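Asker:
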Amino acid sequence: MNIWGKLIGGATGFAIGGPIGGPIGGLLGTLAGHAIDSKIIPKYINVKNNYESIVFTAGVIALSAKMAKADGQVTKEEILTFRKFVQIPKENIDEVSKLWELAKETTDGYELYARQIYNSFRNESEILVKILDLLFEIAKSDGIIKSEELNYLEVVSKIFNLDEKTFRQLFAQHKSEGNPYDILGVKSTDDFEEIQRVWKQMVKNNHPDKLIGKGMPIEFINTANHRLAAINSAFEEIKNLNKL
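Every position in the sequence shown, counted from 1, becomes a number in the numbering used here once 12 is added.
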């Protein structure tokens, strides 16, 4: 069963008494109510055994929806960007769209969702970086990262306990003319051997297989692949600049 089946099943499990809790649990409980009202009763899922993947997926949808609304309006480009980086089968689009709309309109602040995600993945910083990476993509999808969106990203980054260097690396990656040295978090004066060492470590930390093993659902693999491609592209640009 894909993550979307688990998510909807997890929502039903929550309605029956599952242990998700927090704003994400409340969001899924509302989704379960809509499913039951529509007489859609998915197969029951053991929420406990799928807790992290359900929290990740529902939390990312909530943060993405609220990111799209951060500047006051949700654009078609922002929705399409989410669909570009997150694999959603045709048969699950309606449920995911419903969850997106519920999250967008809920009175719970985005900080609460970010904190619940952090509590589940506090020891997996690479996973948290991937979420922030996706939020950057949504923020810039309509051409520019507005001040309200940048503030949103900064707050989420702090809740995720990511350092300023990591935030600057992501910001550089998402600029139209991002500096390759900034993307890797190195200086142009660093020895090439040191730059290469940093690049290799980043490739290792950001490999999709490793991230999936740490709890990231495979449906989000496009986000991981995109980050890895940006890292490799920055390293290749540095090699070209140094004629190596």
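Glycine included, every Cβ here is placed at the ideal spot set by N, Cα and C. Please read all numbers here as calculations on a predicted model, not as lab measurements.
1. CB Glu90 to CB Ile150, shorter than 8 angstroms?
2. Quick check: Glu136 and Lys216, are their CB atoms within less than 8 angstroms of each other?
3. Tell me the DSSP secondary structure of Leu174 in three-state form.
4. Could you pull out every residue in the same chain whose Cβ sits closer than 8 angstroms to the Cβ of Thr87, ignoring the five residues on either side in sequence?
5. Which two residues bound the contiguous alpha helix (DSSP H) that contains Gln213?
6. Measure from the alpha carbon of Ile100 to the alpha carbon of each residue in Val141, Ile224, Asn234, then state which is nearest.
7. Quick one: using the 10 Å Cβ neighbour count with 16 as the cut-off for buried, is Ala241 buried or exposed?
8. Can you list, in chain order, the residues of its chain with a C-beta nearer than 8 angstroms to that of Leu196? Leave out the 5 residues immediately preceding and following it.
9. Could you tell me the alpha carbon to alpha carbon distance between Lys96 and Val72, rounded to whole angstroms?
10. So which of Pro229, Lys78, Glu64 has the shortest CA-CA distance to Leu165?
11. What residues in its chain sit with their C-beta under 7 angstroms from that of Lys199, if we drop five residues either side in the sequence?
12. Mapping DSSP to helix, strand and coil, what is Ala82?
13. Is it buried or exposed for Gly37, if we count other Cβ within 10 angstroms and need 16 for buried?
14. Give me the Cα-Cα distance between Leu75 and Asn252, rounded to the nearest whole angstrom.
15. Tell me the residue span of the alpha helix (DSSP H) that contains Ile105.
16. Out of Ser159, Ser132, Leu144, state which residue places its alpha-carbon closest to the alpha-carbon of Glu176.
17. Could you check the C-alpha separation between Glu126 and Gln185 for me, to the nearest Å?
18. Flag this pair as yes or no: are the beta carbons of Leu124 and Pro35 separated by less than 8 angstroms?
19. Which two residues bound the contiguous alpha helix (DSSP H) that contains Arg127?
20. I believe Phe94 touches Leu140 by the beta-carbon criterion, under 8 angstroms. Please report the beta-carbon distance rounded to the nearest angstrom.
Answerer: On the basis of the coordinates in this document:
1. yes
2. no
3. coil
4. Ala80, Ser153, Asp154
5. 204 to 217
6. Asn234
7. exposed
8. Gln181, Ile207, Val210, Trp211, Met214, Ile243, Ala246, Phe247, Ile250
9. 14 angstroms
10. Lys78
11. Tyr193
12. coil
13. buried
14. 37 angstroms
15. 105 to 117
16. Leu144
17. The question names Glu, yet the displayed sequence has Ala at residue 126. One C-alpha to the other measures close to 22 angstroms.
18. yes
19. 122 to 133
20. Not confirmed; about 18 angstroms, so no contact.
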